[in-house]
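Notes follow the structure.
Chains as they are written, first to last, in my numbering: chain A, 707 to 944; chain B, 33 to 148.
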């Protein structure tokens, strides 16, 4: 009985809620669609606040150690390819635009554009991960991946401090990439739901909330790029 | 007119409650994207100059400006309820507290003779 009431796609004819408000998309414990939408948005922002804290701890560790070892961090940063980072920044910014347009298509009930924009967003996410894996492979081959007991080959001074930079690089970009992978999975589900016509101008909550998540992941990269790739004058590293 | 009839036009017109279903036009999204792109170019260009400590300050300032644009427009916070502002703002207030107080400690430690 509970099952039948919580399923969004099939309004329960016995439910007073459906009769009272006339929307099959309204869960029984909300007054109207607007209250339902607002609750979803606040819940998503509460989740994003925990995400800000999660990444915030890593940014704090980064700031403390960069303040302590500025030369080693600048030197280690020059071993990252700022061009690949720039490419990924463009890819991710563009994916944020297409995600915003997907939400717009959802709000206005345009099914085909919705599917197309979601697919482009997903594709750009995959391009980002592809570039990232090229970078990771490069770092592994150079011996600049001081993780899991791998050897760290460092020619310059401050090997330990440089290893710390790469530790932070891999942990921060790794968790960021994990968020991308999860986001791509959610978008894949959304495409399937949109394909089956589950969304319209009255009900697009999952698209909007996935958009919030995707844009948040973009914001994390907006900070990661200059902090990891662009330290101390990139021209000096060429 | 029963409650059912009252509800339908309200749900159909997305503009009825601007706080909940404000639809940002595509032109605005493209404009915001353009500004974000210019700020990205600026980040890279600035990195070619060695400004010392200012590099960090400028990079963070540009990134913060980009984040604010994304939050206000792409994430619709500008057109969201005051409660959403509180939820979104709280995250960054706590972040600022954590970063601010911790760095105040690390920076000021060497000022005291006992730690020298």
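A virtual CB, placed ideally from N, CA and C, is assigned to each residue, including glycine.
Around the Cβ of residue 751 of chain A, a 10 Å sphere holds 16 or more other Cβ atoms; the residue is buried. In the DSSP assignment, residue 879 of chain A falls within the unbroken alpha helix (DSSP H) covering 865-901.
Under the three-state reduction of DSSP, residue 768 of chain A is assigned to helix.
Assigned with DSSP and collapsed to three states, residue 909 of chain A falls in strand. In terms of Cβ geometry, residue 106 of chain B and residue 801 of chain A do not form a close pair [threshold 8 Å]. Residues 87 and 91 of the same chain have their beta carbon placed closer than 8 Å to that of residue 79 of chain B, with the five preceding and five following residues left out of the count.
Interface residue (Cβ-Cβ distance to chain B less than 8 Å): residue 787 of chain A is not classified as such. Taking C-beta atoms under 8 Å as the contact rule, residue 872 of chain A and residue 782 of chain A qualify, at a distance of about 6 Å.
Only 68, 69, 72, 75, 76, 79 and 80 from the region 68-80 of chain B bring a Cβ to less than 7 Å from some Cβ of chain A. In the displayed model, residue 862 of chain A falls within coil according to three-state DSSP, outside both helix and strand. For residue 921 of chain A, the three-state secondary structure derived from DSSP is helix. Non-local C-beta neighbours of residue 936 of chain A in its own chain, meaning closer than 7 Å and more than five positions away in sequence, comprise 788, ordered along the chain. With respect to residue 900 of chain A, residue 817 of chain A sits close: the two C-beta atoms are nearer than 8 Å. Contact note: residue 135 of chain B reaches chain A through 769, using a C-beta cutoff of 7 Å and chain order. Taking each of A:885, A:731, A:879 and A:754 in turn and checking the Cα distance to residue 123 of chain B, the smallest one comes out for A:754. Taking the Cβ atoms as the reference, residue 831 of chain A lies roughly 5 Å from residue 890 of chain A, within the contact range of under 8 Å. By the C-beta density criterion, residue 931 of chain A is buried, having at least 16 other C-beta atoms within 10 angstroms.
Think of a sphere of 9 Å around the beta carbon of residue 126 of chain B: the chain A residues whose beta carbon falls inside it are 755, 758, 759 and 762, in chain order. Residue-level contact check: residue 839 of chain A does not touch chain B, since none of the beta carbons of chain B fall below 8 Å from its beta carbon. For residue 791 of chain A, the uninterrupted alpha helix (DSSP H) run begins and ends at 788-813, by DSSP.
Residue 72 of chain B and residue 799 of chain A do touch by the CB rule: their CB atoms are close to 6 Å apart, below 8 Å.
Annotated three-state conformation of residue 831 of chain A is helix, per DSSP. Residues 68 and 71 of the same chain have their beta carbon placed closer than 6 Å to that of residue 98 of chain B, with the five preceding and five following residues left out of the count. Closest by C-alpha distance to residue 96 of chain B, out of A:929, A:840 and A:934, is A:929.
Contact check for residue 824 of chain A against residue 808 of chain A passes: the beta carbons are separated by less than 8 Å. Contacts with chain B at 8 Å (Cβ-Cβ) include residue 747 of chain A. Put simply, the CB of residue 131 of chain B is near chain A, with a gap under 8 Å to one of its CB atoms.
In chain order, 787 place their CB closer than 8 Å to the CB of residue 844 of chain A, counting only its own chain and leaving out the 5 sequence neighbours on each side.
Interface with chain A (8 Å Cβ-Cβ cutoff): residue 89 of chain B is excluded. Taking CB atoms only, residue 146 of chain B has no neighbour in chain A less than 8 Å away. Going by beta carbons, residue 55 of chain B and residue 814 of chain A fall inside the 8 Å limit.
Residue-level contact by beta carbon holds for residue 925 of chain A and chain B, with a gap shorter than 8 Å. Against chain B, the CB of residue 885 of chain A has no partner CB under 8 Å away; the residue lies outside that interface. Pairing residue 114 of chain B with residue 851 of chain A, the inter-Cα distance amounts to about 45 Å.
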